[in-house]
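For what it's worth, our numbering labels the leading residue of the sequence shown as 1, then goes sequentially.
Every residue gets a Cβ at the ideal spot worked out from N, C-alpha and C, and that includes glycine.
Source: prediction; values computed, not measured.
Please read the structure below before turning to the comments.
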Amino acid sequence: MKYISEYRDAALVRGVIDEIRRTVTRPWTIMEICGGQTHAIVRHGIDQLLPPEIELVHGPGCPVCVTPLELIDKALAIASCPDVIFCSYGDMLRVPGSGRDLFSVKAAGGDVRVVYSPLDAVTLARQNPDKQVVFFAIGFETTAPPNVMSVLQARSFGLTNYSILVSHVRVPPAIRAILSSPANRVQGLLLAGHVCAVMGYHEYPPLSEQYKVPMVVTGFEPLDIVQGILEAVKLLEGGRAEVANAYPRTVTFEGNLPAQKVIAQIFEDCDRKWRGIGNIPMSGWRLRPEFDAFNAEKKFEVEAIQPEESPLCIAGLILQGLKKPHDCSAFGNQCKPEHPLGATMVSAEGACAAYYRYGRVNS
Ligand code: SF4
1 MKYISEYRDA ALVRGVIDEI RRTVTRPWTI MEICGGQTHA IVRHGIDQLL
51 PPEIELVHGP GCPVCVTPLE LIDKALAIAS CPDVIFCSYG DMLRVPGSGR
101 DLFSVKAAGG DVRVVYSPLD AVTLARQNPD KQVVFFAIGF ETTAPPNVMS
151 VLQARSFGLT NYSILVSHVR VPPAIRAILS SPANRVQGLL LAGHVCAVMG
201 YHEYPPLSEQ YKVPMVVTGF EPLDIVQGIL EAVKLLEGGR AEVANAYPRT
251 VTFEGNLPAQ KVIAQIFEDC DRKWRGIGNI PMSGWRLRPE FDAFNAEKKF
301 EVEAIQPEES PLCIAGLILQ GLKKPHDCSA FGNQCKPEHP LGATMVSAEG
351 ACAAYYRYGR VNS
């Protein structure tokens with residue numbers, strides 16, 4: 001397939017890894033921000049092919065993993081209401097809240113549906129005027145455009161029975177939180193290519209300069225990832241705290257300006273709690289007050305929920321690059337994909353799920 005098979009060419013990947021081996025002279029710790037990149041790295045064994053000087057640690061870029069427990073519990077409460085159709089992407093259904101998940105709400109008779117786009121949820125709202133349709137709008141900058149479009153579309157149809165439960169998070173404030181932590185180990189960063197496709201990468205040079213950490217916009221195929229690592233190693237070895245773009249076939253410096261404009265029309269910055277990590281100032285987006293009619297939190301008044309996280313789960317440390325999944329005492333025994341204790345064991349982008357799925361249980 002054009003533009004996919006070329007980027008999975010094993011000989012080309014080995015060639016770039018050889019170049020990394022020739023370039024590196026000392027140990028470096030590099031974080032891939034995105035959970036999609038984590039899965040590609042573990043699935044293809046890229047971390048095991050790299051020279052021993054390079055350690056990859058896994059970042060917080062898994063939207064399902066960082067959605068705060070309070071929001072999951074609110075989703076469970078709303079989905080349990082009569083006359084509600086609760087819509088979500090599939091991997092949110094098994095993410096544990098304090099006591100249960102959306103699947104168990106569905107099993108108990110709740111109308112919980114998997115959709116592939118928030119626009120499908122708008123269609124459901126048009127087809128079911130006697131029901132309240134709620135879409136669980138989680139994600140990073142990447143998923144913001146379709147979520148805001150669903151609100152604009154619902155407004156243009158005059159719908160009063162459509163709302164979104166928003167848990168949007170943003171990458172730059174999370175990077176700032178990681179790099180400013182006294183425990184930080186990250187010396188170089190692979191930025192998430194799809195986030196940068198929407199937002200560009202103009203927000204990152206000041207961060208790179210302030211924390212003296214080079215950053216490389218990186219894609220998701222094996223060749224993209226090793227190319228990103230090579231660029232990061234070159235910047236690290238040269239002592240250059242700069243931002244490079246190793247994904248130019250998709251990403252420009254400015255990003256998608258029409259998408260950024262429509263996001264700014266509907267969302268505003270807010271503090272956001274990240275599951276396992278805690279509050280990160282101005283790291284989220286919420287609906288502007290003029291869109292309160294589409295805000296499920298306002299509509300359903302489910303504010304005062306006190307969540308309880310499993311005491312065994314160290315996902316927060318994993319998401320900050322401070323621990324690996326097999327450092328968790330529950331990994332592979334009390335916590336498995338069939339009975340997860342934390343979101344990172346459920347999500348298609350979670351680091352624990354990647355380690356379990358690709359057999360890193362005993363490494
Ligand atoms: S293995 Fe399970 S309990 Fe341990 S950190 Fe991962 S999700 Fe949490």
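8 Å Cβ cutoff, residue i in contact with chain C
i     : result
His58 : The structure shown contains no chain C; it is built from a single protein chain.
Proximity to residue i [Cα-Cα], best of the options
i      : options                        : result
Ile4   : Gly284, Pro222, Lys261         : Pro222
Ser181 : Ser104, Leu159, Ala137, Gly278 : Gly278
Thr119 : Pro145, Ala174, Gly228, Gly109 : The question names Thr, but residue 119 in the sequence shown is Leu. It is Pro145.
Thr143 : Gly61, Val233, Arg94           : Gly61
Arg357 : Trp28, Val105, Ile41, Pro27    : Ile41
Glu153 : Ala121, Asp130, Asn184         : In the sequence on display, residue 153 carries Gln and not Glu. Here the closest residue by C-alpha is Ala121.
Ala177 : Leu317, Leu56, Ala232, Tyr116  : Leu317
Lys184 : Cys335, Ala351, Ala330, Val57  : The sequence given here has Asn at residue 184, not Lys. Considering only alpha carbons, the answer is Val57.
Asn295 : Pro311, Ser283, Phe267, Pro337 : Phe267
Pro52  : Gly238, Pro27, Cys65           : Pro27
Glu237 : Arg22, Ala108, Glu141          : Arg22
Glu6   : Ser117, Ala343, Glu209, Phe220 : Phe220
Gly255 : Gly36, Val171, Cys196          : Cys196
Leu50  : Thr25, Lys298, Asp18           : Asp18
Ile175 : His202, Leu207, Trp274, Ser156 : Leu207
Three-state class that DSSP yields for residue i in the structure shown
i      : result
Arg286 : strand
Lys212 : coil
Ser347 : coil
Phe103 : helix
Cys335 : strand
Asp111 : strand
Val122 : helix
Val16  : helix
Val95  : coil
Val24  : coil
Beta carbon of residue i nearer than 8 Å to that of residue j
i      : j      : result
Ala315 : Gly276 : yes
Asp271 : Trp285 : no
Leu76  : Arg100 : yes
Val198 : Phe291 : no
Leu365 : Ser98  : As displayed, the chain neither begins before 1 nor continues past 363, which places residue 365 out of reach and without an answer.
His168 : Gly139 : yes
Val186 : Gly321 : yes
Glu349 : Thr67  : no
Tyr380 : Asp224 : The question about residue 380 has no answer here: the residues shown for the chain are numbered 1 through 363.
Pro340 : Arg94  : yes
Leu230 : Ile54  : no
Pro173 : Pro281 : yes
Ala125 : Leu159 : yes
Val226 : Val16  : yes
Gly59  : Leu319 : yes
Cys81  : Arg113 : no
Cys65  : Ser310 : no
Val262 : Val148 : yes
Gly342 : Cys313 : yes
Cβ-heavy atom distance, residue i to the ligand COA, below 7 Å
i      : result
Leu341 : In the structure on display, the ligand COA does not appear, and the ligands it does have are the ligand SF4.
Okay, do the stretch 243-261 and the stretch 210-224 touch, 3+ Cβ pairs below 8 Å being the bar? Output reads yes: the stretch 210-224 touches the stretch 243-261.
Mind the definition here: the stretch 178-195 touches the stretch 22-38 only if three or more C-beta pairs lie below 8 Å; say whether that holds. A contact exists between the stretch 178-195 and the stretch 22-38.
List, from N- to C-terminal side, the alpha helix (DSSP H) runs of 4 residues or more that fit wholly inside the stretch 26-93. Segments of the alpha helix (DSSP H) lying fully in the stretch 26-93: 35-43, 46-49, 63-66, 69-79.
Whole beta strand (DSSP E) runs in the stretch 233-310 with 3 or more residues, listed along the chain? DSSP runs (the beta strand (DSSP E)) wholly in the stretch 233-310: 243-245, 267-274, 278-287.
Just list the beta strand (DSSP E) runs in the stretch 128-211, keeping only unbroken ones of 3 residues or longer that don't cross its boundaries, in chain order. Assignment of beta strand (DSSP E) within the stretch 128-211, counting only whole runs of 3 or more residues, yields 132-139, 162-169, 188-192 in chain order.
Is the stretch 133-141 in contact with the stretch 161-181, if contact means three or more CB pairs nearer than 8 Å? Enough Cβ pairs lie closer than 8 Å, so yes.
Would you call the stretch 74-93 and the stretch 250-258 in contact, with 3 or more CB pairs under 8 Å? The stretch 74-93 vs the stretch 250-258: no contact.
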